[in-house]
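First the structure, in the form of C-alpha cells, and then the observations on it.
Number of protein chains: 2
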Amino acid sequence: MSGTAAIIGGGVIGGGWAARFALMGWEVWVFDPDPEAERKIAAVMANAERALPMLYEAPMPPRGAIRFVSTIAEAVAGADWVQESVPERLDLKLKIYRDIVSHASSEAVIGSSTSGFRPSQLQEGLPDASRIVVAHPFNPVYLLPLIELVPGVKTAPEAVDKAKEILTGIGMYPLHVRAEIDAHIADRFLEAVWREALWLVKDGIATTEEIDNAIRYGFGLRWAQMGLFETYRIAGGEAGMRHFLEQFGPCLTWPWTRLTDVPEFNDDLVDLIAGQSDEQSGHRTIRELERQRDDNLVAILHALKGREAAAGKLVLDHDALLRGPLGDGVPLVTVRRTVPVDWTDVNGHMNEGRYGQVFSDASEELMTHVGADRAYIDAGNSYFTAETNIKYLAETLAAEKFFVETRVTLGAGKKLRLWHEMKREADGETLATCDQFLLHVSLETRRSCPPLAHVAEAVERLAAAHGAQS
Amino acid sequence: MSGTAAIIGGGVIGGGWAARFALMGWEVWVFDPDPEAERKIAAVMANAERALPMLYEAPMPPRGAIRFVSTIAEAVAGADWVQESVPERLDLKLKIYRDIVSHASSEAVIGSSTSGFRPSQLQEGLPDASRIVVAHPFNPVYLLPLIELVPGVKTAPEAVDKAKEILTGIGMYPLHVRAEIDAHIADRFLEAVWREALWLVKDGIATTEEIDNAIRYGFGLRWAQMGLFETYRIAGGEAGMRHFLEQFGPCLTWPWTRLTDVPEFNDDLVDLIAGQSDEQSGHRTIRELERQRDDNLVAILHALKGREAAAGKLVLDHDALLRGPLGDGVPLVTVRRTVPVDWTDVNGHMNEGRYGQVFSDASEELMTHVGADRAYIDAGNSYFTAETNIKYLAETLAAEKFFVETRVTLGAGKKLRLWHEMKREADGETLATCDQFLLHVSLETRRSCPPLAHVAEAVERLAAAHGAQS
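The listed protein sequences correspond, in order, to chains Y and C.
Note that UniProt numbering has the first sequence beginning at 1, numbered continuously upward.
Note that UniProt numbering has the second sequence beginning at 1, numbered continuously upward.
As C-alpha cells, this is what we get:
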C-alpha cells in the first residue's frame, strides 16, 4: 500500500520521514520555509537510499518523488498522511495545525513528531482535531522502526487504526501508548539518562567517550535485543521477575539513587561537554559519523533478522509484506535486492561467501515456487545443496542492486540442478554464475529421498519449460 | 597469557567469571558455600562454552579446569586473580576480604563484582588493601566486554595496571573509572532508567513488554553501537555538540523531567510488574531466554566485528591476540574455529554461503602466510577469487568445531590454486572440499597482474612443498 505524504518541516526528522515514505513508494510533498530545506533533505535521502534497501531481500517498491512546495495548503492537499516536524514551540505548532486541518482531507492522518507535547495540547482550539495523533519517531527515521503513537482526547479511533496500518506498511512499529504524558515513553528514559550523564561529566567522574563506552560495551548490547524487563527477568533466574524485584527493589532507596537534581545548565557545562565530544569524535565529519552509524545499524538489524529476533523480526515481517510471488518467465527472476554493507570484505567488494548465500537464497525462492516452502520444510522435507561451481566474473560493491535469473537444468526424482546468473541491475552485466546441484532429503533421516508428488510435478514442469536435459 | 583465578561466590555473576576465565585457558578455583553452586556454575558454563567461542575466528586456548574447594584459603592460594561476587552486604564482603588478603599472594589482583559499593569501602580495616579494586562486570559476563575498573584510595597503581592487562587478555574492556562514586557509571544509568520504568508501569502508561519494545526498537539499537554522546553529536548536525546542547539543554527544566521521586516499592507494584512480565515472557523458560539472549548478542557482536565498530572492534582485537602464526605443516591448517549461530539456515545447518566464507577465510590466512597481508592489500595488491567448486559432504551444525587444511595446488605467476578440506574437530570427518582458483590483481586497476617478488617466491615455495603441478 502506498499513497501521498505531506512533510511539514524538513530537517533531520522531517527529512527522515520524507526519505522513508519515498523509498516505500509514496509520493512526498514537502513544506519548509528554510531555503536550505531542499539541500538538507537531499543529504538525508542520500543516506537513506543507501541504507534502507540493504535491510531487505524483497525488491523495493518503485520510489516515489519528493517535491517541494511553498505553502502548507499545497503540501497537504491530497495527502493520506501529514507529518509535522517543526521546532518544539507550542504556539508555532498550533498555528500550523490550524493551517493543516483547514486544507487537508478529512480522511488524512495528521501525525506530529513532537518529543515532548501531548497530543491533546496540539488539538486545542481546532475545528476538527479528530485525525491528529502524536507519531514520535527516532533518528535515523529511515532505519529505526519505533513510532510512539499517542492519540489525544479528540482523536477518532479510526485515525489510530489507519495510522497503524500506514506505519506498518512503511516498515515501522507503531507502539500505541496507553495514556498521554509529557515526553511519552522513550524520551522519559532518554531524559533520565541524559541528566545522569550531565552530572557524571560535570563531576569529573567520566568523559563523554567513557560514558559512550560504558553504554555500548555493556547494557547497550542487551537493550538492542531485549530491552529492560526481559533482561532483568533472566537475571532473576528460574524464580523469575518476582525474585529479581525482591532482590533489587531495596536498592531503589540507596544513596546512589538520590542524584536526581537537574544540573545547572550554563556555559561552563556546555564548554566541558562540547570540548570532550570534539576530542572524542571531532576528527570525523557528521557525514562520516552518520555513515558509520547507519552501517552499524544495518549490520545489527541484519544480524537480528537472521535470528528472527527483536527489531530484526519486524524487518523480516515487512520483507514478507514487500515480497510478491515469482513470475512465470523463463528464466525465473528469483532474487532482486541490494548488497548490504556487512557483505563486503578487505578487498572492498562483496565477499565470495556472500555469492554462495545469494545463490542459496535463489534456490530457496525456487523451492518455495515449486511448493517446497517453509511448511514443507517444517513437515520434514527439504533440498540440500551437494555441489556448487561459482564463477566470479565482475566485482560487486556495497549498495549495488542486482538480480538473479534461475533455470532448472535438471529436475528428475531426488535430483535438482539449477543454473543461476547474477546480474547488475544498472547495466545487466553478469557478475557471477552458479551451477548448483541439490538433492531432495528427509530432514528426519538426513538422507536423500524423492520429493512429495506436488513438488516433483512442479519441478518437472519447470525443467521442461526451461529446456532442461532429462 | 593465562594463569589461575579464584572465584569467591558462584551464582550467575561468579559463574560468568569462572566460565570466561576457563574458556580463555585459566585454571579456576571456586569457593561458594551454596551446595547448589556446582550445578549453577555448570549451567552458566554450558551457555558460555556454546556462545563465547562463536565470536572468534582464532582457535580458543586449551580450556582450563573449574574446581570447587571448601575454603577461601584453598581457593585463593596461588591465584593471580581473585574475584569476589558475593551478595551486596558490606559486612559480609568485609569479612570475606579479611580472609582473602590473609591467604592470597601479595601479587594477586583482588577484584570485586559489586554494583554499588566504592572500593575504598571494601578496603577498610585490612592489613593490606593495595591489591583490591572494583571490577564490575555485566551479565552475561562471558559475552559482554565491559568492566568498570575502579581503584580505591589504598589501591596500588601496579594493581590497576596488572588488572587492565589480565582483563584485556580475557577479552574484556577495562573502563578505568576516574573517581569512586556509589554505583560507578553504568549502574547509575540503569538505576535512573529502572526508576522511570517503575513509574511508567505503576501509572499504567505502558506495560513491561511495551517498555521493552520502546527500548529495543528505538534507542537500544543506537546505544549498542555508539552510546549516548556520539549519537547526540550527530543529531546536532554540522554545528556539532554545542548546537545539540543549545537546542536541547533548555528542556532539562521542562515539567517532564521532574518525575524523579522513587516510587513506593510495595506488594502491589511487585504483583503488577511480575504479572506483566509473566504474560510477556512466562511461556519461555529462563534457559530458553538465556539462549535467545546469547544468540542475539553473538549475532550483534559478530555484525559489529565485521564493521570493526564498537564492541565488535574489541572482539576483533582480542581475536588477533589469540591468533598465532600458521605452522609449516603440509597441509597448512588455515582455519580452526566454531560455527557461530548466525551461520545456520532454515534447514538447521550451516548455510552453503558460509562454506564459501570459510574457504575465503582460509585463502586469506594463506595469503597472510605468503606475505599478501593487510599491509600488502592496503598498498594496492591482492588476490581475487575467480572460481570455486565446493562439494558439501556432511552437514555442519551451530557450535561445532572444525578446521580447514589447505594445499597450494598451483602457484605460478598471477595464478594461485588452492585445495581446501574442511574437517570436523571431533572426529576428523571431511565436511566439505573446495577447489579454489585465484588471480593476483592490482587494486588500482582492478585487473590481474603478477604478485610482488616476495609473495611470488613464497607461493612458489609452498607450491613445491605441497607437490603442486607446475
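Note that the Cβ used here is the ideal one computed from N, Cα and C, for glycine as well.
{"Query": "Proximal residues to LEU259/C (C-beta, below 8 Å), its chain only, five neighbours per side dropped", "Result": "Per-residue confidence for LEU259/C stands at a pLDDT of 46, beneath the threshold of 50, marking its modelled position as unreliable; the derived number appears in the next sentence. Closer than 8 Å at Cβ, skipping near neighbours: GLU196 and TRP199."}
{"Query": "Distance between beta carbons of TYR355/Y and ILE306/C, contact taken as under 8 Å", "Result": "Sequence inspection shows Gly at residue 306/C; the Ile mentioned does not correspond to that position. About 17 Å; that fails the 8 Å criterion."}
{"Query": "Exposed unless 16 or more other CB atoms sit within 10 angstroms - verdict on SER102/Y", "Result": "exposed"}
{"Query": "Where LEU304/C meets chain Y, residues with beta-carbon distance less than 8 Å", "Result": "ASN296, ALA299 and ILE300"}
{"Query": "is_contact[TYR392/Y, chain C] using C-beta, thresh 8 Å", "Result": "yes"}
{"Query": "Chain C contact for TRP256/Y (CB, 8 Å cutoff)", "Result": "Unreliable positioning characterises TRP256/Y in this predicted model, as indicated by a pLDDT of 46, which lies under 50. The coordinate reading is nonetheless provided below. For TRP256/Y, the answer is yes, since a Cβ of chain C falls inside 8 Å of its Cβ."}
{"Query": "Nearest candidate by alpha-carbon position, reference ALA309/Y, set ALA310/C, ALA303/C, ARG293/C and PHE68/C", "Result": "ARG293/C"}
{"Query": "At least three beta-carbon pairs within less than 8 Å, the segment 230-247 of chain C to the segment 310-319 of chain C", "Result": "no"}
{"Query": "Residues within the segment 345-356 of chain Y neighbouring chain C, beta-carbon criterion of under 9 Å", "Result": "ASP345, VAL346, ASN347, GLY348, HIS349, ASN351, GLU352, GLY353, ARG354, TYR355 and GLY356"}
{"Query": "Inter-residue spacing [alpha-carbon to alpha-carbon] between ARG233/Y and ALA183/Y", "Result": "26 Å"}
{"Query": "Given GLU400/C as reference, the closest of ARG374/C, GLY428/C and ILE132/C once Cα atoms are compared", "Result": "GLY428/C"}
{"Query": "Where the segment 362-396 of chain Y meets chain C: residues whose CB sits under 8 Å from a CB there", "Result": "GLU364, ARG374, ILE377, SER382, PHE384, THR385, ALA386, GLU387, THR388, ASN389, ILE390, LYS391, TYR392 and GLU395"}
{"Query": "Contact between the segment 447-460 of chain C and the segment 368-375 of chain C (3+ Cβ pairs under 8 Å)", "Result": "yes"}
{"Query": "Interface residues of the segment 157-173 of chain C facing chain Y [CB-CB below 8 Å]", "Result": "TYR173"}
{"Query": "Rounded straight-line distance, which links the Cα of ASP361/C to that of MET60/C", "Result": "17 Å"}
{"Query": "Beta-carbon neighbours of residue 472/C, restricted to chain Y and to distances below 8 Å", "Result": "Outside the shown range of chain C (1 to 470) lies residue 472/C, about which nothing can therefore be said."}
{"Query": "Contiguous alpha helix (DSSP H) assignments of at least 4 residues, all confined to the segment 191-247 of chain C", "Result": "208-214, 220-223 and 229-235"}
{"Query": "Whole-Å CB distance - VAL441/Y paired with PHE403/Y, under 8 Å assumed", "Result": "That pair is no contact at about 28 Å."}
{"Query": "Classification of ASP328/Y by the beta-carbon crowding that lies within 10 angstroms, buried from 16 upward", "Result": "exposed"}
{"Query": "Cβ distance (whole Å) where GLY411/Y is taken to contact ALA463/Y below 8 Å", "Result": "3 Å"}
{"Query": "Min CB distance SER281/Y to chain C below 8 Å", "Result": "yes"}
{"Query": "Listed by chain order, chain C residues near VAL213/Y by CB distance under 8 Å", "Result": "Checking the sequence shown, residue 213/Y turns out to be Asn, not Val. Neighbours of ASN213/Y on chain C, chain order: LEU146, TYR173, LEU175 and GLY227."}
{"Query": "ALA465/C at chain Y interface by Cβ criterion, 8 Å", "Result": "no"}
{"Query": "The segment 154-170 of chain Y / the segment 113-125 of chain Y touching (three or more Cβ pairs under 8 Å)", "Result": "yes"}
{"Query": "Within-8 Å CB hit, ALA458/C to chain Y", "Result": "no"}
{"Query": "Reduced DSSP secondary structure (H/G/I, E/B, other) of PRO255/C", "Result": "Residue placement at PRO255/C cannot be trusted, given a pLDDT of 47 that sits under 50; what the coordinates show is reported in the next sentence. In the structure shown, PRO255/C sits in a helix (DSSP, three-state: H, G or I)."}
{"Query": "Between the CA atoms of ASP435/Y and ILE390/Y - distance to the nearest angstrom", "Result": "7 Å"}
{"Query": "Any C-beta of chain C under 8 Å from that of LEU332/Y", "Result": "no"}
{"Query": "Cα-Cα separation, SER105/C to GLY237/Y", "Result": "34 Å"}
{"Query": "Distance CB(ILE110/C)-CB(ARG131/C) smaller than 8 Å", "Result": "yes"}
{"Query": "Secondary structure of ASP32/C, DSSP reduced to three states", "Result": "coil"}
{"Query": "Below-8 Å beta-carbon distance, LEU452/Y vs any chain C residue", "Result": "no"}
{"Query": "First through last residue of the beta strand (DSSP E) which encompasses HIS466/Y", "Result": "Unbroken run through HIS466/Y: none, as it is neither H nor E."}
{"Query": "8 Å Cβ cutoff met for VAL133/Y and ALA163/Y", "Result": "yes"}
{"Query": "Between the CA atoms of PRO127/C and ILE13/C - distance to the nearest angstrom", "Result": "28 Å"}
{"Query": "Contact with chain C by PHE402/Y, beta-carbon distance below 8 Å", "Result": "no"}
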